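S.K.: Protein chains in written order, with my numbering: chain A, 9 to 91; chain B, 9 to 91.
Ideal Cβ placement from N, Cα and C applies to all residues, glycine included.
Remember, it's a predicted structure, so these values are computed and weren't measured experimentally.
There are 2 protein chains.
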Amino acid sequence: MNFRAEIDVMPLKELLDPQGKAVAHGLQKMNFDGVADVRIGKHITIKVNANSKEEATTQVENACKKLLANPIMEGYKFEIVQE
Amino acid sequence: MNFRAEIDVMPLKELLDPQGKAVAHGLQKMNFDGVADVRIGKHITIKVNANSKEEATTQVENACKKLLANPIMEGYKFEIVQE
Numbered sequence: 009m010n011f012r013a014e015i016d017v018m019p020l021k022e023l024l025d026p027q028g029k030a031v032a033h034g035l036q037k038m039n040f041d042g043v044a045d046v047r048i049g050k051h052i053t054i055k056v057n058a059n060s061k062e063e064a065t066t067q068v069e070n071a072c073k074k075l076l077a078n079p080i081m082e083g084y085k086f087e088i089v090q091e
Numbered sequence: 009m010n011f012r013a014e015i016d017v018m019p020l021k022e023l024l025d026p027q028g029k030a031v032a033h034g035l036q037k038m039n040f041d042g043v044a045d046v047r048i049g050k051h052i053t054i055k056v057n058a059n060s061k062e063e064a065t066t067q068v069e070n071a072c073k074k075l076l077a078n079p080i081m082e083g084y085k086f087e088i089v090q091e
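1. In angstroms, rounded to a whole number, what distance separates the CA positions of serine 60 of chain A and methionine 9 of chain A?
2. Is there contact between the stretch 11-25 of chain B and the stretch 27-40 of chain A, where contact requires at least three CB pairs shorter than 8 Å?
3. Which residues of chain A have a Cβ atom closer than 8 Å to the Cβ of phenylalanine 40 of chain B, listed in chain order?
4. DSSP three-state label for lysine 21 of chain B, please.
5. For the beta strand (DSSP E) containing alanine 5 of chain B, list its first residue and its last residue.
6. Is glutamate 14 of chain A helix, strand or coil by DSSP?
7. Would you identify the three-state DSSP class for glutamate 82 of chain B, choosing helix, strand or coil?
8. Leaving aside the five residues before and after methionine 81 of chain A along the sequence, list all residues of the same chain whose C-beta is less than 8 Å from its C-beta, in chain order.
9. Looking at isoleucine 88 of chain A and valine 43 of chain B, is the spacing between their C-beta atoms short of 8 Å?
10. Could you compute how far the alpha carbon of lysine 73 of chain B sits from the alpha carbon of proline 79 of chain B?
11. Looking only at C-alpha atoms, which of A:Val31, A:Ala64, A:Ala71 and A:Gly28 sits nearest to glutamate 91 of chain A?
12. Along chain B, in chain order, which residues have C-beta atoms closer than 8 Å to that of histidine 33 of chain A?
13. Skipping 5 residues on each side, what residues in its chain have a beta carbon closer than 6 Å to that of valine 68 of chain A?
14. For valine 43 of chain B and chain A, any beta-carbon pair shorter than 8 Å?
15. Could you work out which residues of chain B lie near isoleucine 48 of chain A, taking near to mean beta carbons separated by less than 7 Å?
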């Protein structure tokens, strides 16, 4: 079965996000007044071929832990969608 | 009212995504066999203060067009969530 994983890898809340701060500052300079607290991370989509949704979930969980997210600085969450 | 925008900015389908290719290659080397077609973009969260969901949507749409996404190389989609 074919699945698609939609993964968000974001800087942990406790950490500064200089890229987000720069974008927030840019938006304010461009007169976006109600905008604050911008945080920027990665969005990753992966096609996964697996026998079940559980197997796909395990694969993606392992991929996040071992390669996609740096646990010292980043958290991740994902959704598995059947295609 | 306070809203949170969850924005995904992804490289257009027509374009190569070298970062995604590198990650796909890395995953295959690590014996993630069923994994293919990795694409990597940005995930951006923004807090928006606006009078209505429509106003928040307009602000975020403009922010995407003017600053967050490069229309030549990237597409974007977003969700507005009330907080």
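M.R.: In terms of the structure at hand:
1. Taking the first sequence and counting its residues from 1, one reaches residue 60 of chain A at position 52. Taking the first sequence and counting its residues from 1, one reaches residue 9 of chain A at position 1. Straight-line Cα distance between these residues: approximately 7 Å.
2. no
3. Along the second sequence, read from residue 1 onward, the residue named residue 40 of chain B stands at position 32. Result: Gln67, Asn70 and Ala71.
4. For the purposes of this step, residue 21 of chain B is taken as the residue at position 13 of the second sequence. Coil at lysine 21 of chain B, not helix or strand.
5. There is no way to answer for residue 5 of chain B, as the model of chain B reaches only from 9 to 91.
6. The sequence position of residue 14 of chain A within the first sequence is 6, counting from 1. If DSSP states are grouped into helix, strand and coil, glutamate 14 of chain A belongs with the strands.
7. One-based indexing of the second sequence puts residue 82 of chain B at position 74. Note: glutamate 82 of chain B maps to strand in three-state DSSP.
8. Residue mapping note: residue 81 of chain A aligns to position 73 of the first sequence, counting from 1. Cβ within range, chain order: Pro19, Leu20 and Leu23.
9. In the second sequence, residue 43 of chain B corresponds to position 35, counting from 1. In the first sequence, residue 88 of chain A corresponds to position 80, counting from 1. No, they are not a contact pair.
10. The sequence position of residue 73 of chain B within the second sequence is 65, counting from 1. The sequence position of residue 79 of chain B within the second sequence is 71, counting from 1. When rounded, the distance between both Cα atoms is 7 Å.
11. As a position in the first sequence, residue 91 of chain A is number 83, starting the count at 1. Minimum Cα distance to glutamate 91 of chain A is reached at A:Ala64.
12. Here residue 33 of chain A is taken as the residue at index 25 of the first sequence, counted from 1. Per Cβ cutoff of 8 Å: no residues; histidine 33 of chain A is ~11 Å from chain B at best.
13. Locating residue 68 of chain A in the first sequence gives position 60, where the first residue counts as 1. Only Ala13 and Phe86 meet the Cβ criterion.
14. Sequence index remark: in the second sequence, residue 43 of chain B carries index 35 (1-based). Closer than 8 Å: yes.
15. As a first step, residue 48 of chain A is located in the first sequence; it is residue number 40 there, counting from the start. By Cβ distance, chain B contributes Lys50 and Ile52.
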